[in-house]
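>
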Amino acid sequence: MSGDGNDHLVGNALDNLLIGGRGDDQLEGAAGNDTLYGAQGNDSFNRWRWL
């Protein structure tokens, strides 16, 4: 999953690949084994661990 604007990308229960594009993105991992990559822009990362 990726985007080119100021996107808010959120993973789900699966193993997701979240890639920030040119904008200022928010990348949020979730219950799966997610991989988060920032790119151009001022990206922020959140990783939630569900117990």
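For the sequence shown, my numbering begins at 719 and goes up steadily by one.
Cβ coordinates follow ideal geometry from the N, Cα and C atoms, glycine included.
1) Can you tell me whether residue 738 is buried or exposed? The criterion is at least 16 other CB atoms within 10 Å of its CB, across all chains shown.
2) How about residue 729 and residue 757: do their beta carbons lie closer than 7 Å?
3) Tell me the rounded alpha-carbon separation between residue 765 and residue 726.
4) Counting only the same chain and skipping the five closest in sequence on each side, list residues whose C-beta sits under 6 Å from that of residue 752.
5) State the CB to CB distance for the pair residue 732 and residue 745, rounded to an integer number of angstroms; the pair is presumed to be in contact (CB under 8 Å).
This is what the structure gives:
1) buried
2) no
3) 13 Å
4) 729, 734
5) Contact between residue 732 and residue 745 is ruled out by a C-beta separation of about 15 Å, above the 8 Å threshold.
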